[in-house]
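Numbering (full-length UniProt numbering), first residue to last: 1 to 367.
Backbone N, C-alpha and C define an ideal beta-carbon position, used for all residues, glycine too.
All remarks here apply to the structure that follows.
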């Protein structure tokens with residue numbers, strides 16, 4: 001699977017662009033702030049129907065305009081199948097996603113059709129920020145591979161909102177409604193917990209394997225899943241927390257408090273890992289994600305490497321390039337502000353690539 005062509009109108013700083021891509025490696029070089037990451041985000045948008053950097057749809061519209069449009073044309077199964085995806089947003093009208101000219105009834109139905117993995121500087125939040133970031137990563141990951149998970153996640157979040165609303169403003173039938181909500185929350189939350197636990201169990205050894213390759217086996221890392229539901233059934237947790245929940249006005253237990261533990265030599269990598277070790281852990285995490293999505297979907301996801309070479313020593317850079325240039329990966333987008341470094345990377349990778357110089361939201365293909 002690869003993105004053949006991309007048309008862009010009014011997306012962030014990109015007024016208009018028509019681009020065709022290599023099925024292998026596509027490189028974007030230019031100064032910071034010129035639009036490299038915006039193009040990468042457009043590719044992400046067509047797979048995930050939202051920005052990878054947490055912007056709202058309205059914030060992704062180019063300044064002074066009232067809409068944006070992204071039109072991607074994909075080749076699958078060696079060219080035997082084509083997919084056309086259009087994602088548009090207009091102020092006052094909302095977002096529309098179409099596949100081959102037909103609008104989705106629910107945008108969530110699109111997630112997983114065009115698998116994608118992004119590695120970017122923002123990934124440092126997976127190490128340094130709260131568990132919200134790691135849950136977001138896990139939810140995005142599982143949503144691409146498991147439609148049942150995505151459906152259950154949407155339902156869980158809705159039930160949680162309803163429960164919290166009831167806790168803040170008790171009704172006459174408070175106890176009865178709470179019982180019904182808790183029963184539904186337990187069923188959905190337990191399903192999500194089990195799927196998360198199974199995915200982390202599958203992910204952990206692959207992360208350790210990739211980290212060993214990137215670090216030349218200098219350190220051992222571990223990935224594990226932390227959840228209250230791993231120790232106590234959800235229904236017992238809710239029953240024990242009910243009075244506290246009522247006083248606080250929100251739900252104090254559940255899978256919305258889960259976390260992923262990232263450790264090096266048995267200690268939190270956030271505290272004890274160097275910048276290079278932390279970046280290697282993040283790369284290993286994303287490359288392991290790539291492998292699992294590929295195995296489960298039977299498609300090689302598009303791999304986006306956005307400004308990932310800073311803070312990596314040359315040994316780790318060479319290891320990374322050696323890995324992603326192998327046959328196990330498909331289409332790759334790479335951004336870098338260092339033209340000399342990018343030329344060196346391309347010389348190691350492949351002759352089948354395209355190179356674009358980026359300036360002020362415009363893209364010039366270079367021979």
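Checklist entry - Nearest to residue 306 by CA position, among 133, 81, 38, is which residue? => result 38
Item to check | Status (buried if at least 16 other CB within 10 Å, exposed otherwise) for residue 152 | outcome: buried
Checklist entry - Cβ-heavy atom distance between residue 326 and the ligand ZN below 6 Å? => result Absence of the ligand ZN is noted for the structure shown, with no ligands found whatsoever.
Item to check | Residues that DSSP places opposite residue 358 in a beta bridge | outcome: 363
Item to check | Nearest residue (CA-CA) to residue 12, options 26, 70, 31, 19 | outcome: 70
Next on the checklist: Please list the terminal residues of the continuous beta strand (DSSP E) segment that includes residue 107.
Outcome noted: Careful: residue 107 lies outside any beta strand (DSSP E) and carries neither H nor E.
Next on the checklist: Give me the residue from 357, 284, 92 with the minimum Cα distance to residue 206.
Outcome noted: 284
Item to check | Pairwise C-alpha distance: residue 22 and residue 6 | outcome: 12 Å
Checklist entry - Between residue 278 and residue 321, is the Cβ-Cβ spacing less than 7 Å? => result no
Next on the checklist: So, does the stretch 85-99 touch the stretch 144-161, judging by three or more C-beta pairs under 8 Å?
Outcome noted: no
Checklist entry - What are the start and end residues of the beta strand (DSSP E) that includes residue 27? => result 25-29
Item to check | Alpha-carbon spacing of residue 274 relative to residue 182, whole angstroms | outcome: 43 Å
Checklist entry - The beta strand (DSSP E) spanning residue 335 covers which residue range? => result 332-336
Item to check | Which of helix, strand or coil DSSP assigns to residue 248 | outcome: helix
Checklist entry - According to the neighbour-count rule (16 or more other Cβ atoms, all chains shown, within 10 Å of its Cβ), is residue 271 buried or exposed? => result exposed
Item to check | Straight-line Cα distance separating residue 251 from residue 121 | outcome: 33 Å
Item to check | Nearest residue (CA-CA) to residue 32, options 367, 171, 365, 361 | outcome: 361
Next on the checklist: Rounded to whole angstroms, what is the Cα-Cα separation between residue 364 and residue 337?
Outcome noted: 15 Å
Checklist entry - Taking all protein chains shown into account, do 16 or more other C-beta atoms lie within 10 angstroms of the C-beta of residue 319, making it buried, or fewer, making it exposed? => result buried
Checklist entry - Within this structure, are the beta carbons of residue 249 and residue 167 separated by less than 7 Å? => result yes
Next on the checklist: At 4 residues or longer, what runs of the alpha helix (DSSP H) sit wholly inside the stretch 204-269?
Outcome noted: 234-248
Checklist entry - residue 239 to residue 259, Cα distance in whole Å? => result 22 Å
Checklist entry - For residue 15, does the three-state DSSP call read helix, strand or coil? => result strand
Next on the checklist: Just list the residues that DSSP pairs residue 74 with in beta bridges.
Outcome noted: 3, 83
Checklist entry - Can you tell me where the beta strand (DSSP E) with residue 95 in it begins and where it stops? => result 94-99
Next on the checklist: My output table needs one value for residue 274: the three-state DSSP class, helix, strand or coil.
Outcome noted: coil
Item to check | Inter-residue Cα distance where the pair is residue 47 and residue 112 | outcome: 7 Å
Next on the checklist: Judging by CA-CA distance, which residue of 324, 280, 186 is the nearest neighbour of residue 310?
Outcome noted: 280
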